[in-house]
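**Q** Here it is, the structure in full.
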Amino acid sequence: MKDTVMGTLSQRLEENQIQLNQLLGKSTDLVTKELQLDSSTHIALVYIDGLVDTQVLHNSILYSLQEGAIQDQFKDLDPFQKLELLRKRILIAGDLSVTHDFKQFVHQLMSGNVMVLVDGTADALRIGLPGWEDRNVSEPNSQSVVRGPMEGFTENMRTNTALIRRKIKDSQLWLETFQIGKVTQTSVSIMYLTHIASPDLVQEVKSRLGKIDTDSILESGYIEEFIQDKAATPFPTIYNSDRPDTIAAGILEGKVAILVDGTPFVLLVPTFFVSFFQSSEDYYQRSDISTLLRFIRFLSFFITLFAPSFYVAVTTYHQEMIPTSLVISLAAQRESVPFPAFVEALLMELTYEILREAGVRIPKNVGQAISIVGTLVIGQAAVSAGLISSAMVIIVSITAISSFVIPESGMAVAARIIRFALIGLAGFMGLYGILFGVFLIILHLASLRSFGMPYMSPIAPYRSSDLKDSIFRFPWPLLKTRPSNNKIQDLKRQDTSKREGSAYDREK
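Here is the structure:
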């Protein structure tokens, strides 16, 4: 920010107005209402049109100031006493505070507050009357569920913090807010439970946020890239969600939530590989169903990764692995195809990715269908023209559908990126290339950290107690402790003394 905003406010109202006009230029949305309350009391209300609730301003604030009875109250008072009288007895609407710093004055003004200047004092009164248009709480779009809460975060941070506090009604749920971005001055908050979250983790989050030095923060994705442990990886190492129940569940496990004003997507740290295959719905239905669904998600992830590359490797280098009747069928299909299987797979995958991206940009009611149905239609036309085989259309279709099973989009994108690399390795080295790729993936995953925590926990390092809620989901009565991979203060989740002698305790 420019040096002109440094320093303190002037005692002269006119000088403050001149400095503010010099700073903001000819901003047509800057509104200044000057009032003469009595012969010696001259004040000005300054605000940005569109950022404050003008209805409350006119019906409450201005109405109170224009009452004739208040003129007698200003007699024999100095300017600062007049400001205090306004704060304590007259201007009772909104959140009130006093500032004397000009930089803070401008920041509060641009944040949707009404600033009151009194001639003769170097202090300003802030009245919190934010009034911009907000999107109502609605069903989240990115992580839909059949059973569970149907409310999602919005672009308003206060709405989002309230949604989390509705879930966790605990006095030890702390909220700390920082201003990041030299130009945008974006509010970034962290929420955590002080008696559960590791103090070292909280301090590390604050440290990484404090090191961000940039002009602008417009979305939580900016924060994610600044604070992640390792940038050179396709795998997401910070979880994001627009579901309050998912974020609240993470906080209850000792994680730290990072909220950014202006976006419905909240970050959660630390996170682990298995977390991206879990859905909030897993905890709202029976454990056997949840476990089965998690297995299906992992299976879909492997299909998304390996199906095209395995087809390329087997049909190009390892035909002896295919049953004779199937080899004959595949050979007949590929008889008129002018491309090798490697090029064929790349063409189909690229076509699907193009259609998928197009599906994001067009209206939502038809977008999802375009990416899948469009691939099938184009694929069938290509088969009829003899450009690709029908088997390849089947493989790509199964791969595309499997990618939608993964609950978190970041992990699905990682699978799509790695899939192309595996197709290339399979085209040059066959199954040996795929095995080499798997070896590199495992090494890479084992090296990843999320805020210092092993990314592959509880598999590597192995923690048997945490496996109860990872690949599997044990029944709630058996989930007596929180995951230990977060290095939290309080591992105990349940008090089992009241349940002694129950069926679950006899199974121990």
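Counting from 1249, one number per residue, gives the positions in the sequence shown under the working numbering.
Cβ coordinates follow ideal geometry from the N, Cα and C atoms, glycine included.
Please read these numbers as outputs of a predicted model, since none were measured by experiment.
Flag this pair as yes or no: are the beta carbons of Ala1648 and Gln1581 separated by less than 8 Å?
**A** Not in contact: Ala1648 and Gln1581 (Cβ atoms no closer than 8 Å).
**Q** Rounded to whole angstroms, what is the Cα-Cα separation between Glu1262 and Lys1735?
**A** One C-alpha to the other measures close to 57 Å.
**Q** Less than 8 Å separating the beta-carbons of Leu1272 and Trp1380?
**A** Not a contact, by the Cβ cut-off of 8 Å.
**Q** Please name the residue, chosen from Thr1494, Ala1370, Pro1655, that lies closest to Val1517 on a Cα-to-Cα basis.
**A** Checked all of Thr1494, Ala1370, Pro1655; the closest Cα to Val1517 is Thr1494.
**Q** For the pair the stretch 1457-1472 and the stretch 1505-1525, tell me if three or more CB-CB distances fall below 8 Å.
**A** Contact holds: three or more Cβ-Cβ distances are below 8 Å.
**Q** Secondary structure at Val1585, three-state DSSP: helix, strand or coil?
**A** In the structure shown, Val1585 sits in coil (DSSP, three-state: anything other than H, G, I, E or B).
**Q** Give me the Cα-Cα distance between Ala1630 and Gln1742, rounded to the nearest whole angstrom.
**A** Computed Cα separation, rounded: 59 Å.
**Q** Can you have a look at Met1825 and say buried or exposed, based on whether 16 or more other CB atoms are within 10 angstroms of its CB?
**A** As displayed, the chain neither begins before 1249 nor continues past 1756, which places residue 1825 out of reach and without an answer.
**Q** Find out if the Cβ-Cβ distance for the pair Leu1365, Asn1264 is shorter than 8 Å.
**A** Closer than 8 Å, so yes.
**Q** Could you tell me the distance, in whole angstroms, from the CA atom of Pro1492 to the CA atom of Arg1413?
**A** The alpha-carbon atoms of Pro1492 and Arg1413 are separated by roughly 9 Å.
**Q** According to DSSP, simplified to helix, strand and coil, what is Asp1738?
**A** Residue state, collapsed to three classes: coil.
**Q** Which of the three DSSP states is assigned to Ser1275 in this structure?
**A** Residue state, collapsed to three classes: coil.
**Q** Quick one: any contact between the stretch 1649-1666 and the stretch 1542-1556, if contact means 3 or more CB pairs under 8 Å?
**A** As far as the Cβ criterion goes, the stretch 1649-1666 touches the stretch 1542-1556, which means the pair count is three or higher.
**Q** Between the Cα of Glu1424 and the Cα atoms of Val1575, Thr1442, Lys1415, which residue gives the shortest distance?
**A** Of the candidates Val1575, Thr1442, Lys1415, the one whose C-alpha sits nearest the C-alpha of Glu1424 is Thr1442.
**Q** Leaving out the 5 sequence neighbours to the left and right, which residues in its chain are closer than 7 Å to Ser1657 when beta-carbon positions are compared?
**A** Counting only Cβ-Cβ distances below 7 Å, and skipping sequence neighbours, we find Ser1390.
**Q** Give the range of the alpha helix (DSSP H) segment to which Gln1329 is assigned.
**A** Segment 1327-1333, the alpha helix (DSSP H) holding Gln1329.
**Q** Check whether the Cβ atoms of His1348 and Leu1257 lie closer than 8 Å to each other.
**A** Contact: yes.
**Q** Answer yes or no: do Ile1444 and Ser1557 have a C-beta to C-beta separation smaller than 8 Å?
**A** No, they are not a contact pair.
**Q** Is the stretch 1301-1314 close to the stretch 1360-1378, with three or more CB pairs under 8 Å?
**A** Flag = yes, the stretch 1301-1314 and the stretch 1360-1378 touch.
**Q** Residues in its own chain within less than 7 Å of Asp1251 by CB, not counting five upstream and five downstream?
**A** Per-residue confidence for Asp1251 stands at a pLDDT of 43, beneath the threshold of 50, marking its modelled position as unreliable; the derived number appears in the next sentence. Cβ neighbours of Asp1251 beyond the five flanking positions: none.
**Q** Provide the residue span of the alpha helix (DSSP H) that contains Asp1539, from first to last.
**A** Note that residue 1539 is Thr in the sequence shown here, rather than Asp. Residues 1535-1565.
**Q** Count the other CB atoms, across all protein chains shown, that sit within 10 Å of the CB of Tyr1710; report buried if there are 16 or more and exposed otherwise.
**A** Exposed.
**Q** How many angstroms separate the CA atom of Ile1719 from the CA atom of Phe1587?
**A** Each residue's Cα considered, the two are about 40 Å apart.
**Q** For a test of the three-state rule: what should DSSP assign to Thr1252, helix, strand or coil?
**A** For Thr1252, the pLDDT reaches just 45, beneath the cut-off of 50, and the residue's location in the model is therefore unreliable, although a value from the coordinates is still provided. Thr1252: helix per DSSP, three-state reduction.
**Q** Which residues in the same chain have their Cβ closer than 8 Å to the Cβ of Val1253, if we skip the five residues on either side of it in sequence?
**A** Legend: pLDDT at Val1253 = 47, less than 50; position of this residue unreliable, no value from coordinates given.
**Q** Identify every residue that forms a DSSP beta bridge with Asp1781.
**A** Outside the shown range of the chain (1249 to 1756) lies residue 1781, about which nothing can therefore be said.
**Q** From the DSSP output, read off the bridge partner residues of Leu1293.
**A** Leu1293 is bridged to Lys1281, Val1364.
**Q** Taking all protein chains shown into account, decide if Phe1524 is buried (16 or more other Cβ within 10 angstroms of its Cβ) or exposed.
**A** Classification for Phe1524: buried.
**Q** Hey, out of Ser1651, Thr1302, Ser1435, whose CA is closest to Val1514's CA?
**A** It is Ser1435.
**Q** Pick out whichever of Asp1738, Asp1448, Ile1475, Gln1451 has its Cα sitting closest to the Cα of Thr1462.
**A** Nearest C-alpha to Thr1462: Ile1475.
**Q** Hey, how far is the Cα of Ala1561 from the Cα of Leu1679?
**A** For Ala1561 and Leu1679, the distance between alpha carbons rounds to 6 Å.
**Q** Report the option in Gln1533, Pro1327, Met1398 whose CA atom is closest to the CA atom of Arg1260.
**A** It is Pro1327 whose Cα lies nearest to the Cα of Arg1260.
**Q** Cutting at 7 Å between CB atoms, please list the residues of its own chain near Thr1302, excluding the five before and the five after it.
**A** Gly1379.
**Q** Can you check whether the CB of Leu1693 is closer than 8 Å to the CB of Ile1682?
**A** The answer is no: Cβ separation not under 8 Å.
**Q** Rounding to the nearest angstrom, what Cα-Cα distance links Leu1739 and Ser1548 in this structure?
**A** Computed Cα separation, rounded: 32 Å.
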